[in-house]
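What follows is one structure encoded as C-alpha coordinates, with my remarks underneath.
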Amino acid sequence: MSLMNSKELEFMTNSGLIQDVSLRFGVIGAGQKGNKDADIFAGYRFADGTQCYPTLAINFAQADMIHLKNIPEKDRIHFDGMKGAARTPSLVVELFDPTLNPKANELRSQLAVAMEKKFANVEHLIISLGAGGGVGTGWGSLTLNLIKEGFFPVPITLLVSLPFDDPDEIANALLLLKEIQDFLKVQEELFESSDTKPLASVILTDNKKIYHDFELKKGSRTLQHSNLSWKDEGNNAVISTIHEANLIPANFGSDNVTYDPSDFIKLMQLSGKLLTIAKARLEPDFTIEKLEAKMKASIEKGYFACGHQYHTATMYGGFILRPSNADFFKDVITERSIKKVISDYNPITQMRGKFGDPIWNENYAVIYTFFAGMGMPNRFAELAKELQQIKEKQEQVQQESEVEVDVSAAIKNVKQSTFNPYQPKTNKFGGDGFGGGFQSVFSRSQSSVTKDDENQEGKKVEQPNRFGQRSGNRFDALRKIRLHENS
14 MSLMNSKELE FMTNSGLIQD VSLRFGVIGA GQKGNKDADI FAGYRFADGT QCYPTLAINF
74 AQADMIHLKN IPEKDRIHFD GMKGAARTPS LVVELFDPTL NPKANELRSQ LAVAMEKKFA
134 NVEHLIISLG AGGGVGTGWG SLTLNLIKEG FFPVPITLLV SLPFDDPDEI ANALLLLKEI
194 QDFLKVQEEL FESSDTKPLA SVILTDNKKI YHDFELKKGS RTLQHSNLSW KDEGNNAVIS
254 TIHEANLIPA NFGSDNVTYD PSDFIKLMQL SGKLLTIAKA RLEPDFTIEK LEAKMKASIE
314 KGYFACGHQY HTATMYGGFI LRPSNADFFK DVITERSIKK VISDYNPITQ MRGKFGDPIW
374 NENYAVIYTF FAGMGMPNRF AELAKELQQI KEKQEQVQQE SEVEVDVSAA IKNVKQSTFN
434 PYQPKTNKFG GDGFGGGFQS VFSRSQSSVT KDDENQEGKK VEQPNRFGQR SGNRFDALRK
494 IRLHENS
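Whatever position you read off the sequence shown (first residue = 1), add 13 for the working numbering.
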(Lines of atoms letter the chains of each structure in order from A and count residues from 1; the text may use other names and numbers.)
(Lines give C-alpha, C1' and ligand atoms only; values in the text may rest on other atoms or scores of the structure.)
Protein backbone atom coordinates (compact mmCIF):
# COMPACT_ATOMS: atom_id res chain seq x y z
CA MET A 1 0.00 0.00 0.00
CA SER A 2 1.31 3.41 -0.94
CA LEU A 3 1.96 5.92 1.81
CA MET A 4 3.09 8.65 -0.57
CA ASN A 5 0.64 11.13 0.96
CA SER A 6 2.38 10.89 4.31
CA LYS A 7 6.12 11.24 4.76
CA GLU A 8 5.46 11.15 8.49
CA LEU A 9 3.75 7.77 8.38
CA GLU A 10 6.46 6.32 6.16
CA PHE A 11 9.10 7.49 8.62
CA MET A 12 7.25 6.00 11.60
CA THR A 13 6.63 2.71 9.79
CA ASN A 14 10.15 2.30 8.43
CA SER A 15 11.68 3.22 11.81
CA GLY A 16 9.58 0.67 13.72
CA LEU A 17 8.13 3.39 15.94
CA ILE A 18 4.47 2.32 15.84
CA GLN A 19 4.01 0.35 19.06
CA ASP A 20 0.55 1.46 20.21
CA VAL A 21 -2.47 3.65 19.42
CA SER A 22 -4.22 6.20 21.60
CA LEU A 23 -7.76 4.99 20.94
CA ARG A 24 -8.43 1.33 20.12
CA PHE A 25 -11.06 1.73 17.44
CA GLY A 26 -12.48 -0.64 14.88
CA VAL A 27 -13.56 0.42 11.40
CA ILE A 28 -16.67 -0.35 9.36
CA GLY A 29 -16.64 0.77 5.74
CA ALA A 30 -20.12 0.92 4.17
CA GLY A 31 -20.62 1.26 0.42
CA GLN A 32 -17.88 1.68 -2.16
CA LYS A 33 -16.35 4.83 -0.66
CA GLY A 34 -16.48 3.43 2.86
CA ASN A 35 -14.97 0.13 1.66
CA LYS A 36 -11.97 1.99 0.23
CA ASP A 37 -11.40 3.92 3.45
CA ALA A 38 -11.70 0.75 5.52
CA ASP A 39 -9.22 -1.00 3.23
CA ILE A 40 -6.64 1.69 3.95
CA PHE A 41 -7.19 1.41 7.71
CA ALA A 42 -6.91 -2.39 7.44
CA GLY A 43 -3.44 -2.06 5.92
CA TYR A 44 -1.90 -0.22 8.87
CA ARG A 45 0.37 -2.37 11.05
CA PHE A 46 2.22 -2.12 14.33
CA ALA A 47 5.97 -2.65 14.35
CA ASP A 48 5.43 -6.35 15.16
CA GLY A 49 3.27 -6.79 12.05
CA THR A 50 -0.11 -7.06 13.77
CA GLN A 51 -3.05 -5.05 12.49
CA CYS A 52 -3.73 -1.67 14.10
CA TYR A 53 -7.46 -1.59 13.38
CA PRO A 54 -9.89 -4.54 13.08
CA THR A 55 -12.00 -3.81 10.02
CA LEU A 56 -15.19 -4.89 8.25
CA ALA A 57 -16.42 -3.96 4.76
CA ILE A 58 -20.18 -3.87 4.12
CA ASN A 59 -21.73 -3.64 0.68
CA PHE A 60 -24.89 -4.68 -1.15
CA ALA A 61 -22.87 -5.35 -4.33
CA GLN A 62 -20.22 -8.06 -4.00
CA ALA A 63 -18.40 -6.76 -7.08
CA ASP A 64 -17.64 -3.49 -5.28
CA MET A 65 -15.49 -5.42 -2.78
CA ILE A 66 -13.51 -7.55 -5.25
CA HIS A 67 -10.55 -5.17 -5.45
CA LEU A 68 -10.02 -4.65 -1.71
CA LYS A 69 -6.40 -5.46 -0.87
CA ASN A 70 -6.27 -5.63 2.91
CA ILE A 71 -9.70 -6.92 3.96
CA PRO A 72 -10.08 -10.70 3.54
CA GLU A 73 -13.29 -12.20 2.17
CA LYS A 74 -14.38 -13.39 5.62
CA ASP A 75 -14.53 -9.74 6.71
CA ARG A 76 -16.55 -8.59 3.70
CA ILE A 77 -20.25 -8.58 4.60
CA HIS A 78 -22.77 -9.03 1.80
CA PHE A 79 -26.45 -9.79 2.29
CA ASP A 80 -27.91 -12.59 0.16
CA GLY A 81 -30.02 -11.47 -2.75
CA MET A 82 -28.77 -7.88 -2.77
CA LYS A 83 -27.11 -6.52 -5.91
CA GLY A 84 -26.57 -2.91 -4.94
CA ALA A 85 -28.77 -0.03 -3.80
CA ALA A 86 -28.83 2.12 -6.97
CA ARG A 87 -28.48 5.40 -5.06
CA THR A 88 -31.63 4.53 -3.13
CA PRO A 89 -30.83 4.75 0.60
CA SER A 90 -34.35 3.65 1.53
CA LEU A 91 -33.50 0.11 0.38
CA VAL A 92 -30.88 -0.18 3.12
CA VAL A 93 -33.05 1.21 5.91
CA GLU A 94 -36.11 -0.83 4.92
CA LEU A 95 -34.08 -4.04 4.75
CA PHE A 96 -33.24 -3.76 8.46
CA ASP A 97 -36.65 -2.49 9.60
CA PRO A 98 -38.64 -5.34 11.24
CA THR A 99 -41.91 -3.54 10.51
CA LEU A 100 -41.18 -3.66 6.77
CA ASN A 101 -39.05 -6.77 6.30
CA PRO A 102 -39.88 -10.10 8.02
CA LYS A 103 -36.21 -11.12 7.76
CA ALA A 104 -34.84 -7.90 9.26
CA ASN A 105 -34.02 -9.50 12.61
CA GLU A 106 -32.06 -12.26 10.86
CA LEU A 107 -29.98 -9.63 9.08
CA ARG A 108 -29.43 -7.72 12.31
CA SER A 109 -28.29 -10.93 13.96
CA GLN A 110 -25.89 -11.59 11.08
CA LEU A 111 -24.46 -8.10 11.52
CA ALA A 112 -24.21 -8.38 15.31
CA VAL A 113 -22.39 -11.74 15.15
CA ALA A 114 -19.85 -10.38 12.65
CA MET A 115 -19.22 -7.32 14.84
CA GLU A 116 -18.85 -9.33 18.04
CA LYS A 117 -16.22 -11.52 16.40
CA LYS A 118 -14.27 -8.61 14.94
CA PHE A 119 -14.65 -5.90 17.54
CA ALA A 120 -14.47 -7.77 20.84
CA ASN A 121 -11.58 -5.62 22.11
CA VAL A 122 -12.29 -2.18 20.64
CA GLU A 123 -13.43 0.82 22.66
CA HIS A 124 -14.74 2.89 19.73
CA LEU A 125 -16.01 2.43 16.16
CA ILE A 126 -15.43 4.60 13.10
CA ILE A 127 -18.09 4.05 10.43
CA SER A 128 -16.93 5.43 7.09
CA LEU A 129 -19.31 6.13 4.21
CA GLY A 130 -19.91 8.28 1.19
CA ALA A 131 -23.01 10.44 1.52
CA GLY A 132 -24.74 10.29 -1.85
CA GLY A 133 -24.62 6.64 -2.83
CA GLY A 134 -27.35 4.20 -1.89
CA VAL A 135 -25.49 1.89 0.49
CA GLY A 136 -23.33 4.56 2.13
CA THR A 137 -26.12 7.07 2.70
CA GLY A 138 -28.56 4.38 3.79
CA TRP A 139 -26.03 2.92 6.20
CA GLY A 140 -25.52 6.32 7.76
CA SER A 141 -29.24 6.63 8.42
CA LEU A 142 -29.41 3.03 9.62
CA THR A 143 -26.53 3.67 12.03
CA LEU A 144 -28.44 6.53 13.66
CA ASN A 145 -31.47 4.31 14.15
CA LEU A 146 -29.37 1.45 15.55
CA ILE A 147 -27.70 3.85 18.00
CA LYS A 148 -31.15 4.86 19.26
CA GLU A 149 -31.94 1.19 19.88
CA GLY A 150 -28.71 0.61 21.81
CA PHE A 151 -27.28 -1.71 19.15
CA PHE A 152 -23.67 -0.56 19.60
CA PRO A 153 -21.91 -1.08 22.95
CA VAL A 154 -19.21 1.50 22.14
CA PRO A 155 -19.26 5.13 20.92
CA ILE A 156 -19.49 5.81 17.18
CA THR A 157 -17.69 8.30 14.95
CA LEU A 158 -19.19 8.87 11.51
CA LEU A 159 -16.63 9.64 8.79
CA VAL A 160 -18.68 11.08 5.92
CA SER A 161 -17.54 12.31 2.51
CA LEU A 162 -19.75 14.85 0.72
CA PRO A 163 -20.50 14.62 -3.03
CA PHE A 164 -20.64 17.28 -5.72
CA ASP A 165 -22.12 17.82 -9.23
CA ASP A 166 -24.52 14.85 -9.17
CA PRO A 167 -28.03 16.05 -8.13
CA ASP A 168 -29.20 12.63 -6.90
CA GLU A 169 -26.14 12.22 -4.69
CA ILE A 170 -26.38 15.78 -3.36
CA ALA A 171 -30.06 15.26 -2.51
CA ASN A 172 -29.23 12.05 -0.63
CA ALA A 173 -26.37 13.73 1.21
CA LEU A 174 -28.53 16.69 2.25
CA LEU A 175 -31.17 14.43 3.76
CA LEU A 176 -28.55 12.42 5.65
CA LEU A 177 -26.89 15.58 6.99
CA LYS A 178 -30.29 16.87 8.14
CA GLU A 179 -30.96 13.58 9.91
CA ILE A 180 -27.54 13.76 11.60
CA GLN A 181 -28.21 17.35 12.61
CA ASP A 182 -31.56 16.43 14.17
CA PHE A 183 -29.98 13.48 15.99
CA LEU A 184 -27.20 15.65 17.45
CA LYS A 185 -29.70 18.20 18.74
CA VAL A 186 -31.61 15.56 20.71
CA GLN A 187 -28.38 13.93 21.92
CA GLU A 188 -27.18 17.29 23.22
CA GLU A 189 -30.36 17.62 25.28
CA LEU A 190 -29.97 14.16 26.81
CA PHE A 191 -26.28 14.09 27.72
CA GLU A 192 -24.02 16.30 29.79
CA SER A 193 -20.85 17.80 28.32
CA SER A 194 -18.75 15.39 30.41
CA ASP A 195 -20.65 12.30 29.19
CA THR A 196 -19.33 9.98 26.51
CA LYS A 197 -21.83 10.32 23.66
CA PRO A 198 -23.32 7.40 21.69
CA LEU A 199 -22.64 9.37 18.51
CA ALA A 200 -19.30 10.62 19.77
CA SER A 201 -18.26 12.73 16.78
CA VAL A 202 -18.86 13.37 13.09
CA ILE A 203 -15.98 14.03 10.67
CA LEU A 204 -16.75 15.43 7.22
CA THR A 205 -14.67 15.68 4.06
CA ASP A 206 -15.67 17.61 0.94
CA ASN A 207 -15.08 15.81 -2.37
CA LYS A 208 -15.49 19.04 -4.32
CA LYS A 209 -12.61 20.67 -2.49
CA ILE A 210 -10.41 17.56 -2.63
CA TYR A 211 -11.03 17.20 -6.37
CA HIS A 212 -10.00 20.79 -7.08
CA ASP A 213 -6.95 20.49 -4.80
CA PHE A 214 -5.61 17.53 -6.78
CA GLU A 215 -6.59 19.19 -10.04
CA LEU A 216 -4.22 22.02 -9.11
CA LYS A 217 -1.50 19.57 -8.03
CA LYS A 218 -1.78 17.81 -11.39
CA GLY A 219 -0.91 21.11 -13.05
CA SER A 220 2.34 21.43 -11.12
CA ARG A 221 5.65 20.80 -12.84
CA THR A 222 6.44 17.70 -10.79
CA LEU A 223 3.11 15.93 -11.43
CA GLN A 224 1.92 17.18 -14.81
CA HIS A 225 3.28 14.11 -16.61
CA SER A 226 2.14 11.62 -13.94
CA ASN A 227 -1.20 9.87 -13.55
CA LEU A 228 -2.98 11.18 -10.46
CA SER A 229 -6.20 9.73 -9.01
CA TRP A 230 -7.78 12.38 -6.81
CA LYS A 231 -9.98 9.75 -5.16
CA ASP A 232 -7.16 7.35 -4.27
CA GLU A 233 -4.72 10.04 -3.15
CA GLY A 234 -7.45 11.98 -1.35
CA ASN A 235 -8.60 8.88 0.54
CA ASN A 236 -5.01 8.10 1.56
CA ALA A 237 -4.41 11.66 2.75
CA VAL A 238 -7.57 11.76 4.87
CA ILE A 239 -7.16 8.31 6.45
CA SER A 240 -3.43 8.69 7.09
CA THR A 241 -4.07 11.99 8.91
CA ILE A 242 -6.59 10.33 11.25
CA HIS A 243 -4.15 7.45 11.81
CA GLU A 244 -1.27 9.81 12.63
CA ALA A 245 -3.43 11.79 15.05
CA ASN A 246 -4.17 8.52 16.85
CA LEU A 247 -0.55 7.29 16.77
CA ILE A 248 1.51 10.27 17.83
CA PRO A 249 0.19 10.77 21.41
CA ALA A 250 0.80 7.06 22.10
CA ASN A 251 4.31 6.81 20.64
CA PHE A 252 6.03 10.22 21.03
CA GLY A 253 6.70 12.01 24.31
CA SER A 254 7.74 15.56 25.14
CA ASP A 255 10.15 17.30 27.48
CA ASN A 256 7.81 20.29 27.58
CA VAL A 257 4.03 19.70 27.17
CA THR A 258 2.80 16.16 26.58
CA TYR A 259 -0.40 15.48 24.64
CA ASP A 260 -1.52 12.19 26.19
CA PRO A 261 -3.59 9.43 24.56
CA SER A 262 -6.33 10.32 27.04
CA ASP A 263 -6.43 13.86 25.61
CA PHE A 264 -7.14 12.45 22.15
CA ILE A 265 -9.74 10.01 23.49
CA LYS A 266 -11.55 12.82 25.29
CA LEU A 267 -11.67 14.88 22.10
CA MET A 268 -13.06 11.98 20.06
CA GLN A 269 -15.67 10.78 22.56
CA LEU A 270 -16.98 13.79 24.48
CA SER A 271 -17.73 16.45 21.87
CA GLY A 272 -20.80 14.72 20.41
CA LYS A 273 -20.79 16.95 17.34
CA LEU A 274 -18.64 17.90 14.34
CA LEU A 275 -14.89 17.32 14.63
CA THR A 276 -12.16 18.41 12.23
CA ILE A 277 -8.41 17.82 11.90
CA ALA A 278 -5.89 20.17 10.29
CA LYS A 279 -2.34 19.14 9.38
CA ALA A 280 0.55 21.30 8.19
CA ARG A 281 4.27 20.72 7.60
CA LEU A 282 6.72 23.39 8.70
CA GLU A 283 10.17 23.28 7.15
CA PRO A 284 13.20 25.07 8.65
CA ASP A 285 14.09 27.87 9.09
CA PHE A 286 11.32 28.22 11.68
CA THR A 287 9.68 31.63 12.10
CA ILE A 288 6.54 32.90 13.79
CA GLU A 289 5.22 34.19 10.45
CA LYS A 290 5.59 30.79 8.77
CA LEU A 291 4.08 29.01 11.76
CA GLU A 292 0.96 31.18 11.82
CA ALA A 293 0.51 31.08 8.04
CA LYS A 294 0.84 27.30 7.86
CA MET A 295 -1.58 26.74 10.75
CA LYS A 296 -4.22 29.02 9.24
CA ALA A 297 -3.89 27.50 5.78
CA SER A 298 -4.30 23.98 7.14
CA ILE A 299 -7.39 24.94 9.15
CA GLU A 300 -9.08 26.83 6.32
CA LYS A 301 -7.91 24.84 3.27
CA GLY A 302 -6.91 21.38 4.50
CA TYR A 303 -8.44 18.05 3.51
CA PHE A 304 -11.05 18.29 6.28
CA ALA A 305 -12.07 21.90 5.54
CA CYS A 306 -15.82 22.19 4.93
CA GLY A 307 -16.50 25.77 5.94
CA HIS A 308 -16.67 24.72 9.58
CA GLN A 309 -18.20 27.08 12.12
CA TYR A 310 -15.18 27.14 14.39
CA HIS A 311 -16.77 29.72 16.67
CA THR A 312 -19.25 27.04 17.79
CA ALA A 313 -16.53 24.58 18.91
CA THR A 314 -16.58 23.50 22.54
CA MET A 315 -13.23 21.68 22.48
CA TYR A 316 -9.84 22.10 20.81
CA GLY A 317 -6.59 20.19 20.81
CA GLY A 318 -3.46 19.36 18.91
CA PHE A 319 0.30 19.16 18.95
CA ILE A 320 3.44 20.05 17.04
CA LEU A 321 5.61 17.06 16.24
CA ARG A 322 8.93 18.90 16.50
CA PRO A 323 12.65 18.19 16.00
CA SER A 324 14.46 17.38 19.24
CA ASN A 325 16.91 20.25 18.77
CA ALA A 326 14.34 22.93 17.83
CA ASP A 327 13.99 25.05 20.96
CA PHE A 328 11.97 27.50 18.86
CA PHE A 329 8.85 25.47 19.67
CA LYS A 330 9.41 25.77 23.43
CA ASP A 331 9.74 29.55 23.28
CA VAL A 332 7.06 31.59 25.03
CA ILE A 333 6.39 33.68 21.90
CA THR A 334 5.82 30.53 19.86
CA GLU A 335 3.35 29.25 22.45
CA ARG A 336 1.57 32.60 22.42
CA SER A 337 1.37 32.54 18.60
CA ILE A 338 -0.19 29.06 18.57
CA LYS A 339 -2.82 30.16 21.07
CA LYS A 340 -3.45 33.31 19.03
CA VAL A 341 -4.11 31.36 15.83
CA ILE A 342 -6.56 29.06 17.61
CA SER A 343 -8.24 32.02 19.30
CA ASP A 344 -8.69 33.75 15.95
CA TYR A 345 -11.26 31.05 15.19
CA ASN A 346 -12.64 30.67 18.70
CA PRO A 347 -11.28 32.23 21.91
CA ILE A 348 -9.22 29.55 23.59
CA THR A 349 -10.64 30.53 26.99
CA GLN A 350 -14.12 29.45 25.83
CA MET A 351 -13.10 25.89 24.90
CA ARG A 352 -11.74 22.87 26.73
CA GLY A 353 -8.49 21.52 25.35
CA LYS A 354 -4.74 21.20 25.28
CA PHE A 355 -1.86 21.69 22.83
CA GLY A 356 1.33 19.62 23.16
CA ASP A 357 4.75 19.38 21.50
CA PRO A 358 5.99 15.77 21.12
CA ILE A 359 9.52 15.17 19.82
CA TRP A 360 10.80 13.18 16.86
CA ASN A 361 14.10 12.81 15.01
CA GLU A 362 13.30 14.51 11.71
CA ASN A 363 14.47 18.05 10.89
CA TYR A 364 11.02 19.53 10.16
CA ALA A 365 7.85 19.96 12.21
CA VAL A 366 4.25 18.85 11.66
CA ILE A 367 1.34 20.74 13.20
CA TYR A 368 -1.95 18.97 14.00
CA THR A 369 -4.89 21.12 15.12
CA PHE A 370 -8.31 19.82 16.23
CA PHE A 371 -11.65 21.55 16.74
CA ALA A 372 -14.62 19.59 18.11
CA GLY A 373 -18.19 20.13 19.27
CA MET A 374 -19.16 22.26 16.26
CA GLY A 375 -22.51 22.62 14.53
CA MET A 376 -23.10 21.82 10.87
CA PRO A 377 -20.60 23.52 8.53
CA ASN A 378 -21.37 26.11 5.86
CA ARG A 379 -20.87 23.41 3.24
CA PHE A 380 -24.27 22.02 4.27
CA ALA A 381 -26.05 25.19 3.14
CA GLU A 382 -23.84 25.45 0.06
CA LEU A 383 -24.84 21.95 -1.05
CA ALA A 384 -28.52 22.87 -0.79
CA LYS A 385 -27.90 25.97 -2.91
CA GLU A 386 -25.91 23.99 -5.49
CA LEU A 387 -28.72 21.43 -5.79
CA GLN A 388 -31.24 24.21 -6.38
CA GLN A 389 -29.02 25.73 -9.07
CA ILE A 390 -28.60 22.36 -10.80
CA LYS A 391 -32.37 21.79 -10.79
CA GLU A 392 -33.06 25.27 -12.16
CA LYS A 393 -30.48 24.75 -14.91
CA GLN A 394 -32.03 21.41 -15.85
CA GLU A 395 -35.49 22.97 -16.08
CA GLN A 396 -34.13 25.83 -18.19
CA VAL A 397 -32.43 23.44 -20.60
CA GLN A 398 -35.61 21.38 -20.93
CA GLN A 399 -37.68 24.46 -21.67
CA GLU A 400 -35.19 25.81 -24.20
CA SER A 401 -34.91 22.46 -25.97
CA GLU A 402 -38.65 22.25 -26.67
CA VAL A 403 -39.07 22.84 -30.44
CA GLU A 404 -42.10 24.90 -31.53
CA VAL A 405 -43.11 24.06 -35.11
CA ASP A 406 -45.83 25.69 -37.23
CA VAL A 407 -47.78 22.73 -38.64
CA SER A 408 -50.69 24.75 -40.05
CA ALA A 409 -49.64 24.00 -43.65
CA ALA A 410 -49.59 20.30 -42.89
CA ILE A 411 -53.05 20.49 -41.34
CA LYS A 412 -54.38 22.37 -44.36
CA ASN A 413 -52.93 19.76 -46.68
CA VAL A 414 -54.61 16.97 -44.72
CA LYS A 415 -57.96 18.76 -44.74
CA GLN A 416 -57.89 19.28 -48.51
CA SER A 417 -57.35 15.60 -49.20
CA THR A 418 -60.50 13.44 -49.56
CA PHE A 419 -58.67 10.33 -50.70
CA ASN A 420 -59.66 7.17 -48.77
CA PRO A 421 -59.46 3.90 -50.73
CA TYR A 422 -60.84 1.97 -47.74
CA GLN A 423 -64.15 3.87 -47.47
CA PRO A 424 -67.11 1.77 -48.75
CA LYS A 425 -69.13 3.41 -51.54
CA THR A 426 -72.56 2.14 -50.48
CA ASN A 427 -72.96 0.59 -47.04
CA LYS A 428 -72.61 2.95 -44.07
CA PHE A 429 -71.72 1.22 -40.78
CA GLY A 430 -71.70 2.81 -37.35
CA GLY A 431 -73.28 6.11 -38.24
CA ASP A 432 -72.12 9.13 -36.23
CA GLY A 433 -72.19 7.41 -32.86
CA PHE A 434 -68.70 8.64 -31.88
CA GLY A 435 -69.57 12.30 -32.17
CA GLY A 436 -66.36 13.59 -30.66
CA GLY A 437 -64.08 11.88 -33.16
CA PHE A 438 -60.38 11.13 -32.57
CA GLN A 439 -57.98 13.79 -31.29
CA SER A 440 -55.29 12.90 -33.80
CA VAL A 441 -53.35 15.65 -35.50
CA PHE A 442 -54.33 13.94 -38.76
CA SER A 443 -58.09 14.35 -38.14
CA ARG A 444 -59.49 16.48 -40.90
CA SER A 445 -62.29 17.78 -38.67
CA GLN A 446 -59.71 19.32 -36.34
CA SER A 447 -59.27 23.04 -36.77
CA SER A 448 -56.12 23.47 -34.75
CA VAL A 449 -53.38 21.53 -33.00
CA THR A 450 -54.31 20.63 -29.46
CA LYS A 451 -51.86 21.98 -26.89
CA ASP A 452 -51.82 21.06 -23.20
CA ASP A 453 -52.66 23.97 -21.02
CA GLU A 454 -49.85 23.91 -18.50
CA ASN A 455 -51.72 26.31 -16.27
CA GLN A 456 -54.46 23.71 -15.76
CA GLU A 457 -52.04 21.17 -14.36
CA GLY A 458 -51.49 21.33 -10.63
CA LYS A 459 -47.84 21.01 -9.78
CA LYS A 460 -47.07 18.02 -7.60
CA VAL A 461 -45.47 18.98 -4.31
CA GLU A 462 -42.68 16.52 -3.60
CA GLN A 463 -42.04 15.67 0.03
CA PRO A 464 -38.44 14.92 0.99
CA ASN A 465 -37.68 11.26 1.48
CA ARG A 466 -37.10 10.91 5.21
CA PHE A 467 -34.78 7.94 5.45
CA GLY A 468 -35.59 5.61 8.33
CA GLN A 469 -38.30 7.83 9.83
CA ARG A 470 -40.74 6.00 12.05
CA SER A 471 -43.89 6.95 13.92
CA GLY A 472 -43.92 7.54 17.63
CA ASN A 473 -41.08 8.79 19.79
CA ARG A 474 -37.93 7.74 17.93
CA PHE A 475 -35.63 8.69 20.76
CA ASP A 476 -37.02 6.68 23.67
CA ALA A 477 -34.23 4.12 23.37
CA LEU A 478 -31.59 6.82 23.07
CA ARG A 479 -32.72 8.36 26.34
CA LYS A 480 -31.86 5.10 28.12
CA ILE A 481 -28.33 4.88 26.74
CA ARG A 482 -25.48 5.99 28.98
CA LEU A 483 -22.22 4.65 27.64
CA HIS A 484 -19.30 4.46 30.06
CA GLU A 485 -21.23 6.05 32.91
CA ASN A 486 -19.33 6.69 36.08
CA SER A 487 -20.46 4.28 38.77
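Each residue gets a CB set at the ideal place from its N, CA and C atoms; glycine is no exception. This one's a predicted model, so the numbers in the text were calculated from it and none came from an experiment.
(message) Could you compute how far the alpha carbon of E375 sits from the alpha carbon of Q64?
(response) 26 Å
(request) Give the range of the alpha helix (DSSP H) segment to which I351 is assigned. (result) V345 to Y358
(request) Report the option in M308, L280 and G56 whose CA atom is closest to the CA atom of A293. (result) M308
(message) Whether or not the stretch 241-255 and the stretch 189-204 are in contact is what I'm after, with contact meaning three or more pairs of Cβ atoms, one per stretch, closer than 8 Å; do they touch?
(response) no
(request) Keeping to the same chain, check which residues put their C-beta closer than 7 Å to that of L159; ignore five residues upstream and five downstream. (result) F165
(request) Drop a sphere of 10 angstroms on the beta-carbon of E296, count the other beta-carbons inside from all chains shown, and report buried for 16 or more, exposed for fewer. (result) exposed
(request) Give me the Cβ distance between V135 and P67, rounded to the nearest whole Å; I'm assuming they're in contact under 8 Å. (result) The pair is a contact, with the Cβ atoms about 6 Å apart (cut-off 8 Å).
(message) By the DSSP assignment, the beta strand (DSSP E) with M281 in it spans what residues?
(response) First-last for M281: P274 to L283, but that is the alpha helix (DSSP H), not the beta strand (DSSP E).
(request) Please check the pair I261 and F342, which I expect to be a contact at CB under 8 Å, by giving their CB distance rounded to whole angstroms. (result) The Cβ separation is near 14 Å, so there is no contact.
(request) Compare the beta carbon distance of L175 and A184 with 7 Å and say whether it is the shorter of the two. (result) no
(request) Quick one: grab the DSSP three-state call for L69. (result) strand
(request) Count the other CB atoms, across all protein chains shown, that sit within 10 Å of the CB of L190; report buried if there are 16 or more and exposed otherwise. (result) buried
(message) Here's the rule I'm using: 16 or more other beta-carbon atoms within 10 Å means buried, otherwise exposed. How should V416 be labelled?
(response) V416 comes out exposed.
(request) In angstroms with no decimal places, state the Cα-to-Cα distance between A378 and P336. (result) Roughly 6 Å separates the two Cα atoms.
(message) For a test of the three-state rule: what should DSSP assign to G29, helix, strand or coil?
(response) coil
(message) According to DSSP, is K125 part of a helix, a strand, or is it coil?
(response) First, the amino acid is wrong: residue 125 is Ala here, not Lys. Residue state, collapsed to three classes: helix.
(message) Quick check on K82: does DSSP put it in helix, strand or coil?
(response) coil
(message) Looking at V173: is its Cβ nearer than 7 Å to the Cβ of A144?
(response) Judged by beta-carbon spacing, A144 lies within the 7 Å limit of V173, meaning their Cβ atoms are closer than that value.
(message) When you compare the stretch 311-330 with the stretch 212-232, are there three or more beta-carbon pairs, one atom per stretch, that lie closer than 8 Å?
(response) yes
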